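K.L.:
One structure is given below, represented as structure tokens, and several questions about it will come after.
In our numbering, the protein residues as written are 12 to 301.
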């Protein structure tokens with residue numbers, strides 16, 4: 012059995028009943044259930060439809076996300092989340108670079124690395140090198156003035172944790188940012204890279220080893236083993252090429268507003284919804300959010 016979830020932006024709320032019913036009828040689905048009126052609905056189908064991706068393309072034009080996934084075990088016991096452009100709306104290194112006067116150069120490298128065009132470790136080393144001499148105090152300034160949370164993050168964390176889930180923030184960014192974001196949102200742990208500092212200034216080098224694609228998979232393996240759960244019990248979310256390893260291994264890997272190369276590799280893609288989409292995918296209705 013499979014569950015079909017249709018959802019749209021919580022600010023636009025343009026999911027029409029006729030669209031849901033027409034698709035349900037075309038795919039021979041069960042009764043449609045509204046998880047949030049005009050925003051998210053689901054219904055069950057006996058098998059994955061052959062035209063899933065043709066319908067997905069049509070619905071993307073209409074501003075609607077379509078996800079088809081196995082019904083069994085879709086409510087997860089663990090959240091494994093990327094930070095930059097996932098739990099926050101920015102790339103923290105790009106914001107530091109803007110303060111250092113090298114914003115466009117670093118942002119270009121970041122975009123190419125996240126799309127899988129550059130080696131992540133080399134790209135991180137190059138970008139951190141461009142921050143050499145930046146005052147350590149700028150980190151707090153960026154956190155206060157430039158970093159904003161991705162909509163829906165608080166509801167995602169509080170609801171999953173209220174239902175017994177464990178939450179881990181695993182980022183290719185930096186601990187100076189993940190520590191703050193993890194505390195603010197309620198993550199149980201966080202892992203990220205470190206920025207080396209001497210005499211109150213960034214040295215231009217990251218701490219080693221660099222946490223990249225392989226390290227995120229390692230985190231998935233280590234944390235599930237610690238908790239005594241399976242990788243199938245994990246909901247992972249990210250947007251960049253360095254997230255593909257964990258997205259592929261997790262029971263549900265969500266490409267959230269992801270780069271094109273990442274979307275091609277993921278069956279669960281959320282382009283219009285916010286982080287509350289990850290609750291709808293697990294079958295939570297909006298009135299069940301914590």
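Even for Gly, the Cβ is constructed at its ideal location relative to N, Cα and C.
Here the structure is a predicted model, which means the values were calculated and not measured.
Ends of the beta strand (DSSP E) at residue 60?
P.N.:
Residue 60 -> no beta strand (DSSP E), and no H or E assigned at all.
K.L.:
Could you tell me whether the segment 146 to 156 touches the segment 215 to 231, using the rule of 3 or more Cβ pairs below 8 angstroms?
P.N.:
no
K.L.:
Using only the alpha-carbon positions, how far apart do residue 170 and residue 42 sit?
P.N.:
25 angstroms
K.L.:
Consult DSSP for residue 129 and reduce its assignment to one of helix, strand or coil.
P.N.:
coil
K.L.:
Of the residues 25, 237, 107, which one's Cα is nearest the Cα of residue 72?
P.N.:
25
K.L.:
Taking just the CA atoms, how far does residue 228 sit from residue 266?
P.N.:
16 angstroms
K.L.:
Over what stretch of residues does the alpha helix (DSSP H) that includes residue 209 continue unbroken?
P.N.:
Unbroken run through residue 209 is the beta strand (DSSP E), 206 to 209; no alpha helix (DSSP H).
K.L.:
State the CB to CB distance for the pair residue 203 and residue 186, rounded to an integer number of angstroms; the pair is presumed to be in contact (CB under 8 angstroms).
P.N.:
5 angstroms
K.L.:
Between the Cα of residue 218 and the Cα atoms of 118, 195, 28, 140, which residue gives the shortest distance?
P.N.:
140
K.L.:
Since residue 259 and residue 273 are thought to touch, with beta carbons under 8 angstroms apart, how far apart are those beta carbons, to the nearest angstrom?
P.N.:
Going by Cβ atoms, the distance from residue 259 to residue 273 rounds to 11 angstroms, so no, they are not a contact pair.
K.L.:
Cβ of residue 243 within 7 angstroms of Cβ of residue 84?
P.N.:
yes
K.L.:
Look up residue 80 in the DSSP assignment and give the residues it is bridged to.
P.N.:
14
K.L.:
Any chance the segment 193 to 203 sits against the segment 126 to 146, with 3 or more Cβ pairs inside 8 angstroms?
P.N.:
no
K.L.:
With distances taken from CA atoms, which of 247, 179, 112 is nearest residue 146?
P.N.:
112
K.L.:
Going by DSSP in three states, residue 24 sits in which element: helix, strand or coil?
P.N.:
coil
K.L.:
Using beta carbons (cut-off 7 angstroms, strictly below), is residue 280 in contact with chain B?
P.N.:
Structure shown: chain B not included; a single protein chain is present.
K.L.:
With DSSP as the reference, label residue 295 as helix, strand or coil.
P.N.:
coil
K.L.:
Within the same chain, show all residues whose beta-carbon is closer than 7 angstroms to that of residue 74, passing over the 5 residues directly before and after it, in chain order.
P.N.:
19, 20, 23, 25, 283
K.L.:
Can you have a look at residue 64 and say buried or exposed, based on whether 16 or more other CB atoms are within 10 angstroms of its CB?
P.N.:
exposed
K.L.:
Am I right that residue 91 and residue 247 are in contact with their C-beta atoms under 8 angstroms? What's the rounded C-beta distance?
P.N.:
Going by Cβ atoms, the distance from residue 91 to residue 247 rounds to 4 angstroms, so yes, they are a contact pair.
K.L.:
Pick from 129, 45, 172, 58: whose alpha carbon is nearest that of residue 37?
P.N.:
58
K.L.:
On the DSSP bridge list, what partners appear for residue 89?
P.N.:
177, 245
K.L.:
What do you get for residue 52, buried or exposed, if any count of 16 or more other CB atoms within 10 angstroms of its CB means buried?
P.N.:
Its Cβ being crowded by 16 or more others within 10 Å, residue 52 is buried.
K.L.:
Using the Cα positions of residue 127 and residue 93, report the straight-line distance between them to the nearest angstrom.
P.N.:
16 angstroms
K.L.:
Which residues in the same chain have their Cβ closer than 7 angstroms to the Cβ of residue 214, if we skip the five residues on either side of it in sequence?
P.N.:
143, 207, 208
K.L.:
Using 10 angstroms around the beta-carbon of residue 68, count the other beta-carbons present and answer buried if the total reaches 16, otherwise exposed.
P.N.:
exposed
K.L.:
Who are the near neighbours of residue 45 in its chain, counting only those whose CB is closer than 7 angstroms to its CB and skipping five residues on each side?
P.N.:
52
K.L.:
Tell me the rounded alpha-carbon separation between residue 49 and residue 28.
P.N.:
7 angstroms
K.L.:
Could you name the residues that DSSP lists as bridge partners for residue 165?
P.N.:
Residue 165 is not bridged to any residue.
K.L.:
When you compare each of 181, 216, 278 to residue 233 by their alpha carbons, which one comes out closest?
P.N.:
Out of 181, 216, 278, 181 has the C-alpha closest to the C-alpha of residue 233.
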